[in-house]
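Which chain is which? The protein sequence lines are A and B, in order. Taking the numbering used here, the leading residue of the first sequence gets 71, the next gets one more, and so forth. Taking the numbering used here, the leading residue of the second sequence gets 81, the next gets one more, and so forth. Using N, Cα and C, we set each Cβ at its ideal position, and we do this for glycine too. None of these values were measured; they are calculated from a predicted model.
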Amino acid sequence: MRRIGIWIALGGLLIGTAACGGGSGGGGGTAKAESLAVGFVAEPANLDFTSTEGAAIPQALLVNVYEGLVKLGQDGTVQPLLAEKWEVSPDRKTYTFTLRPNVTFTSGAPFTADDVVFSLGRVTSDWKLKIKSQFDVVDKVEKKDDTTAVVTLKRPSNGFLYALATRLGAMFSRTGVADLANKPVGTGPYQLAAWKRGDSIRLDANPKYWGTKPALPAVTLKYFKDATAMNNALLTGGIDVISNVQAPESLQQFADPNRFQTVEGTTNGEVVLSMNNGRAPFDDKKVRQAVRHAIDHKALLDTAWAGRGQPIGSMVSPTDPWYEDRTGDYPYDVAKAKALLGGKTYTVKMRIPNLPYAVASAQVVKSQLAQVGITADIEPLEFPARWLDVVFKQADYDLSIINHIEPRDMRIFADKSYYFRYDNPEFGKLLASADEGTEQQQTDELKKAAKLLSDDAAADWLFLFPNLIVAEKGVTGLPKNAISESFDFTGLAKQ
Amino acid sequence: MILYLLKRLAVLLASTAVAGVVVFAFMAVLPGDPAEIALGVNATPEAVARLRTEFGTDRPPVVQFLDWFGGLLQGDFGTSYVTTSPVGEQIADRLGVTAVLVLGGMLIALLIAVPVGTFAAVHHRDPLGAAISAASQVGIAVPAFLAGILLVFVFAVQAQALPSGGYVPFAEDPAAWLRGLVLPWLSLGLVQGAVLTRYVRSAVLDVMREDYLRTARAKGRGRMGALWRHGLRNASIPVVTVLGLQLATLLIGAVVVERVFVIPGLGDLLLNGVAGRDLLLVQGVVMVLVVAVLLINFVVDVCYATLDPRLRGAR
C-alpha cells in the first residue's frame, strides 16, 4: 500500500505542476505588455566594453544604457543623440558639439562638457582594446562651457564621427567608472536592474530619462548557449524574440504567421573565405582568381545558409555609402578557373572555426573547389582559442572562413601583418586619402579600394551575414538591420 | 569506528591534494592564452603583455600553482580574469542550483528504482518481472540529455504544459521554480532510475536466497513480510555503494542537462570558463566537482560501515 501511495503522490505532483502551467501561461499574457524577453547567444562575461572585446556587451548596453554624442541610424547615417547638433570647421579639423541641457546620469550626476572631455580622454588613456587607435587622430578635447565641447583633430578624418557613434563615443560619468565590469552608469533610456549570471540581464526604464520614454518599462535579455534551446523557448513562450537566428533551416518551425513574424535585414558581417596571400599556392594571384571563379555563391548560400543572406563580392556592406555590387567580377565559371590553374592541382589546408556557418560553408567550398582540382582538407578548430592562435595569430593556414562583423572593416586588408597577409601599398593609399578627403571623395576612393580588393582576389566573399529575427506576432519596433554594435531596445513595443 | 573514520579522512585529504596538482597541470597545457582571448582579434602585443602581467599568467607555473593551491586551502579561489569577480562567489551561486538538480534527480531515481526493482525481484519468474528487467535495460542505454530533448519536445513544445528551460530561484517564485525543474529532474531521474532498478533487483534477489530469509519464512512470515523485516537492510548495502557511484555520474549528467534546459548551474559556468580560457574559474569548478565526488565516496564508505559493522575491521 505504501508504494502505491508514493506513486499517487508523484503523479499528483506532475499533474499539479502541469495544471499550474496552463494557469500561469494565461496570466503571462497580461504581464508581457510590461516587459519583453529577447534571446541572445553570447552572454557578456562582464559589463566593461572598454577592456573586454566581443559583441555581447555593447549589444546589451550601448544606446540602451550608455549613450554617445551621436548614434548610428538604421540607414547607416550618423544622427544626433546627446549632442543636439554639431558644427565642423571649414578645414574639417574642429568639431563643436552642442550638448543637450538637463541630462543626468542614472547616478544623479549631471551630464556636462566635462564628462565629454573625461570620456573621450579615457579612450586613449584607459581603454585596452585596439579599436581605440581609431581615436589616434584626435588632438585635443576641450570644454567651452557646460553645454559645448570642442574636439580638434590632427588632420581631417571622415572616420572620426563614425567612430564616435560606436562604443568609443560612449559617455561615462566622472563618478561612475569605479566598477564598470558590474555597475554601468549611463544616461540612457534603460538602466541595469538585475543580472542573473548564466541566465539573463534585466534592464528597467530609467525614470529620469531626458528623452522619449521607451515603450517597454522592462526588457530582459535571456542568454542561450544552445540554438535549439532558444528556439524551444520562443515556441513555448519563454521569450518573445530571437535576436539573431543561428540556424536558418530551423525557421520553418516559426512559419505560422498567426503566431510568429520573421524579419530579415542586413548586418556588417562579411563571411570571408580568407586565402593566405603570404604563402603558396595563394601567393599566386591566378590561383586566388581561380578560387573566386570556382565558387558558385548562390548555390553555396542556398545549401549552407538556407538561402538567407546576400552575395557581396568585396569587403563592403550594402548599408555603407560606397557599396557597389561586385559579385559580377568573378562569375561562377569552372572552365575559366581550370584555365587559370593551368592544369595544376593543389592540396590545401582549410582551417575553420567550429562555428555553424563556417562548418556549413566549408563543406560546400570543399566540394566546389574539388571540381577545379583543388583539394581542401577541412580542419575545424575550437573557437575562439585555437582558431585565434593558429589561423589569426600565426597565419598557419591556406584557407579559412570567418564572419568579420566589425563595421566598415575594409581597412583590415591594409595591414600586411593581418592574417590575410595581403600586401598592396596602393590599397593603403586609397584608404588614407579617403579618410582625409571630403565625404564625396571618401565614397569615390573607397569604391576604388573595394574594386582593387576584388580584382586582386585578396580573398573571396562568400556572403553577407543576414540579420534574421524571429518574434511573436505582436512585437513591433524590431531593428531590421544590425549595423550598429547595439541591439536598440528603445523602439520595441508589444501589443 | 573512529580509527576507520580517520583513515578514510586521510585518504580524502590526500586525494584532494593529488587532484589539485592534476587539475592545475591540465589547465597549464590547455592551448589558448587567456589574455589573448580576453582582448580578441584586435589586440596589440603590448596590450596582451600588460594583461598577462595583470592576470599573473606570465609568472612561472610553479609559482602560479602554489599561489592558487595556497589560496584554495584558505577557501580563496582567486578572482576570475574574465568576469573580474571572485571565483568562489560565482561557484557558490551555481552550486546550489546544481545540487538541487542532482538531488531531485536522485530522489526520482530512488522513487522509481526501489519499488520497481523490488517488485521485479519478487516476481523474477513472471513475465512482468522480465519485462521490467528488459525495460530498465533500454533505459540505461539512453543518455540523460537525449531524454531531456525528448521530454522538452513532448511536454514543452507539443503539450505546452511545462517550460522548455530556464531557472527561477525558489525565493522568487516557488511554483515557477518547481515547474522549471520537473523536466530536468525527470531526464536525470528516469535514466538513473533505470540503472538503479537493476541493482535493486539483483540485490533483493541475492537477499531472497539467504538462509536467514528462509528461516524467517519458515517461522511463518509471508514473502514480503520477511523481506521487509529482515531483507531490506542487507539489500541496501550494495545499493548504497552504487548510489554513491551513480551520484557522481549524475553530477556529470547534470552538466549536460543544464545546457539542454538553460539552467545556470556549475555546468554552464564550466563551459563558459573553458570557452573564455578563464583558467582560475575552470580550475575552481573542476576542483569543486572532484571534491564533491570524493566526499560522496567518503560518505558511502561511512554508510557502508554503519550498515554492516563487519566491514569496519576489514578495511
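Alpha-carbon spacing of A355(B) relative to M385(A), whole angstroms: Indexing the second sequence from 1 puts residue 355(B) at position 275. Indexing the first sequence from 1 puts residue 385(A) at position 315. Answer to the nearest angstrom: the Cα atoms are 29 Å apart.
Alpha carbons only, please: which of Q438(A), M241(A) and L273(A) is nearest the one belonging to A407(A)? As a first step, residue 407(A) is located in the first sequence; it is residue number 337 there, counting from the start. Here the closest residue by C-alpha is Q438(A).
For T218(A), which beta-bridge partners are listed by DSSP? The sequence position of residue 218(A) within the first sequence is 148, counting from 1. Answer by DSSP bridge pairing, in chain order: T168(A) and D215(A).
Cβ atoms of Y293(A) and D269(A): under 9 Å apart, would you say? Here residue 269(A) corresponds to residue number 199 of the first sequence, with the count starting at 1. Here residue 293(A) corresponds to residue number 223 of the first sequence, with the count starting at 1. Going by C-beta atoms, D269(A) is nearer than 9 Å to Y293(A).
Between the region 102-132 of chain A and chain B, which residues of the former have CB atoms less than 7 Å from a CB of the latter, in chain order? Correct list: A115, N116, T122, E123 and G124.
Are any of the Cβ atoms in chain A nearer than 9 Å to that of S165(B)? Within the second sequence, residue 165(B) is the residue found at index 85, counting from 1. S165(B) counts as touching chain A.
Any beta-carbon of chain A closer than 9 Å to the one on E412(B)? Residue 412(B) falls outside the range modelled here, since chain B spans only 81 to 395, and no answer is possible.
Quick one: list the residues of chain A neighbouring L131(B), beta-carbon separation under 9 Å, in chain order. Within the second sequence, residue 131(B) is the residue found at index 51, counting from 1. Going along chain A in sequence order, the residues near L131(B) (Cβ under 9 Å) are S121 and K198.
Kindly indicate the opening and closing residues of the alpha helix (DSSP H) around Q438(A). Against the first sequence, residue 438(A) aligns to sequence position 368. Start and end: P426 to A440.
Cβ pair K163(A), L117(A) closer than 9 Å: Numbered from its first residue, the first sequence carries residue 163(A) at position 93. Numbered from its first residue, the first sequence carries residue 117(A) at position 47. Taking C-beta atoms as the reference points, K163(A) and L117(A) fail to come closer than 9 Å.
Which chain A residues sit within Cβ distance under 9 Å of A315(B)? Along the second sequence, read from residue 1 onward, the residue named residue 315(B) stands at position 235. Going along chain A, no residue has its Cβ under 9 Å from A315(B), so there is no contact; the nearest lies around 15 Å.
When the Cα atoms are used, what is the spatial distance from V262(B) to G273(B)? Here residue 262(B) refers to the residue found at position 182 of the second sequence. Here residue 273(B) refers to the residue found at position 193 of the second sequence. Cα-Cα distance, rounded: 15 Å.
Does the structure place the region 352-361 of chain A close enough to the region 516-534 of chain A that three or more beta carbon pairs sit under 8 Å? yes
Taking only beta carbons into account, state which residues of the region 231-262 of chain A come closer than 8 Å to chain B, listed in chain order. A251 and N252
How long is the line joining the alpha carbons of Y467(A) and W457(A), rounded to whole angstroms? In the first sequence, residue 467(A) corresponds to position 397, counting from 1. In the first sequence, residue 457(A) corresponds to position 387, counting from 1. Distance between the alpha carbons of Y467(A) and W457(A) is about 10 Å.
Go through the region 220-286 of chain B residue by residue and report every complete run of the alpha helix (DSSP H) that reaches 4 residues or more, in order. 224-231
Between the Cα of I472(A) and those of L425(A), K436(A), L305(A) and D485(A), spot the shortest distance and give me the residue it belongs to. Taking the first sequence and counting its residues from 1, the one referred to as residue 472(A) is at position 402. Checked all of L425(A), K436(A), L305(A) and D485(A); the closest Cα to I472(A) is L425(A).
Which whole-angstrom value is the C-beta distance of Y279(B) and V322(B), which I expect to be below 8 Å? As a working mapping, residue 279(B) is identified with position 199 in the second sequence. As a working mapping, residue 322(B) is identified with position 242 in the second sequence. The C-beta distance from Y279(B) to V322(B) rounds to 5 Å, short enough to meet the 8 Å contact threshold.
So V237(B) contacts chain A; which residues on that side make the cut at Cβ distance below 8 Å? Within the second sequence, residue 237(B) is the residue found at index 157, counting from 1. Under the 8 Å cutoff, chain A gives N302, L305 and T306.
Any idea if Y232(A) is buried or exposed, counting beta-carbon neighbours within 10 angstroms, 16 or more meaning buried? The sequence position of residue 232(A) within the first sequence is 162, counting from 1. Y232(A) is buried by the Cβ-count criterion.
Is it right to say D291(B) is buried, meaning 16 or more other beta carbons lie within 10 angstroms of its own, or is it exposed? Walking along the second sequence from the start, residue 291(B) turns up at place 211. It is exposed - the Cβ of D291(B) has fewer than 16 other Cβ atoms within 10 Å.
Which residues bound the alpha helix (DSSP H) around S227(A)? Sequence index remark: in the first sequence, residue 227(A) carries index 157 (1-based). Run containing S227(A): none; DSSP gives neither H nor E here.
What is the residue span of the beta strand (DSSP E) that S470(A) lies within? Position 400 of the first sequence, counting from 1, holds the residue named residue 470(A). L469 to H474 is the extent of the beta strand (DSSP E) around S470(A).
Could you pull out every unbroken beta strand (DSSP E) segment of at least 3 residues lying fully inside the region 345-423 of chain A, listed in chain order? Listed in chain order, the complete beta strand (DSSP E) runs (minimum 3 residues) inside the region 345-423 of chain A are 416-423.
Can you tell me which of R170(A), A374(A) and G544(A) puts its alpha carbon nearest to the alpha carbon of T217(A)? By one-based count along the first sequence, residue 217(A) stands at place 147. The shortest C-alpha separation from T217(A) is found at R170(A).
Any chance you could list the alpha helix (DSSP H) runs of at least 4 consecutive residues sitting entirely within the region 312-342 of chain B, in chain order? Secondary structure within the region 312-342 of chain B: the alpha helix (DSSP H) runs of 4 or more consecutive residues, fully enclosed, are 312-340 (chain order).
Can you tell me which of the three DSSP states K266(A) falls into? Residue 266(A) sits at position 196 when you count from the first residue of the first sequence. Three-state DSSP puts K266(A) in a strand.
Rounded to whole angstroms, how far is the Cβ of A241(B) from the Cβ of L268(B), which I believe are closer than 8 Å? Stepping through the second sequence from its first residue, residue 241(B) is reached at position 161. Stepping through the second sequence from its first residue, residue 268(B) is reached at position 188. A241(B) to L268(B), Cβ: 19 Å. No contact.
Using 9 Å as the threshold, is the C-beta distance between G443(A) and G398(A) below it? Along the first sequence, one-based indexing puts residue 443(A) at 373. Along the first sequence, one-based indexing puts residue 398(A) at 328. No; because the gap between Cβ atoms is not below 9 Å, this pair is not in contact.
For L305(A), which residues from the same chain have a beta carbon less than 6 Å from its beta carbon, with the 5 sequence-adjacent residues on both sides left out? Stepping through the first sequence from its first residue, residue 305(A) is reached at position 235. Closer than 6 Å at Cβ, skipping near neighbours: no residue.
Can you tell me whether G364(B) is helix, strand or coil according to DSSP? As a first step, residue 364(B) is located in the second sequence; it is residue number 284 there, counting from the start. G364(B) falls in the helix class under three-state DSSP.
Does chain B have any CB closer than 9 Å to the CB of L501(A)? What you label residue 501(A) is simply residue 431 of the first sequence in a count that begins at 1. No, no contact with chain B.
Suppose you measure from the CA of A147(A) to the CA of K419(A); what does that come to, to the nearest Å? By one-based count along the first sequence, residue 147(A) stands at place 77. By one-based count along the first sequence, residue 419(A) stands at place 349. In the sequence on display, residue 147(A) carries Thr and not Ala. For T147(A) and K419(A), the distance between alpha carbons rounds to 40 Å.
According to the Cβ coordinates, are L286(A) and L532(A) closer than 9 Å? Numbered from 1 along the first sequence, position 216 holds the residue referred to as residue 286(A). Numbered from 1 along the first sequence, position 462 holds the residue referred to as residue 532(A). L286(A) is not a Cβ neighbour of L532(A), given a cutoff of 9 Å.
Determine the direct distance from the alpha carbon of A432(A) to that of Q512(A), and round the result to whole angstroms. Against the first sequence, residue 512(A) aligns to sequence position 442. Against the first sequence, residue 432(A) aligns to sequence position 362. In this structure, the CA atom of Q512(A) is about 35 Å from the CA atom of A432(A).
For a cutoff of 9 Å on Cβ pairs, would you count R456(A) as touching chain B? Position 386 of the first sequence holds residue 456(A). Closer than 9 Å to some Cβ of chain B, the Cβ of R456(A) qualifies, so yes.
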